[in-house]
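Residue numbers (my numbering): 47 to 233. Read through the structure below, which is laid out as structure tokens, and then see the notes.
Written as structure tokens, this is what we have:
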């Protein structure tokens, strides 16, 4: 489901419908919002093969992060929302994340992570302000909604449950494939 194809053909059709509320966003909104984040990530100097991670409850922003990373050739790690700050910090370091995105829903974990993650280039918080984090909405305000140049496919970097030790990342190589030409991804 590459959003641009659907945004061009059926821009107002619902791309995502939130089960709990029934609220939806269109393919056009998904395309534009993920493009804005993709531009922001590029403005930070992230290039193909770099890594971002996000700790986000079931929301539209989860998909904005996924598609922004997917279209900029980045590894992207969605983090289990039931983990402790120590466990999240381990994953952030292990996946070599340079950007971490979370929401006010995880304010307590976010606060605990700040001193544990000095290596992060940027921390973004959706829906509010916490010391050590830039406001997500403010950061993206002036970013273009058009696609970034030279889109290349990113790669999902999932972590095992860690039942016998620390969670382990399951790497899939990032390729030089242009968006839409590589393997399909599942979300």
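Yeah, the Cβ is synthetic: ideal placement off N, Cα and C, and Gly gets one too.
Check                                                                                                                                                                 : Outcome
Using the Cβ count rule (16 or more neighbours within 10 Å means buried), how would you classify residue 232?                                                         : Unreliable positioning characterises residue 232 in this predicted model, as indicated by a pLDDT of 47, which lies under 50. The coordinate reading is nonetheless provided below. By the neighbour-count rule (16 or more Cβ atoms within 10 Å), residue 232 is not buried but exposed.
Looking only at DSSP bridge pairs, what is residue 180 linked to?                                                                                                     : 170
Quick one: grab the DSSP three-state call for residue 136.                                                                                                            : helix
Counting Cβ pairs closer than 8 Å, one from the stretch 102–114 and one from the stretch 73–85, do we hit at least three?                                             : yes
Looking only at its chain, what residues have a beta carbon closer than 7 Å to the beta carbon of residue 217, apart from the 5 residues adjacent to it on each side? : 203
Where do the N-terminal and C-terminal ends of the alpha helix (DSSP H) with residue 80 fall, by residue?                                                             : 73–89
Counting only the same chain and skipping the five closest in sequence on each side, list residues whose C-beta sits under 7 Å from that of residue 175.              : 181
Of the residues 91, 98, 133, 191, which one's Cα is nearest the Cα of residue 236?                                                                                    : In the structure as shown, the chain starts at 47 and stops at 233, and residue 236 therefore has no counterpart that could be examined.
What does the alpha-carbon distance come out to for the pair residue 86 and residue 94?                                                                               : 14 Å
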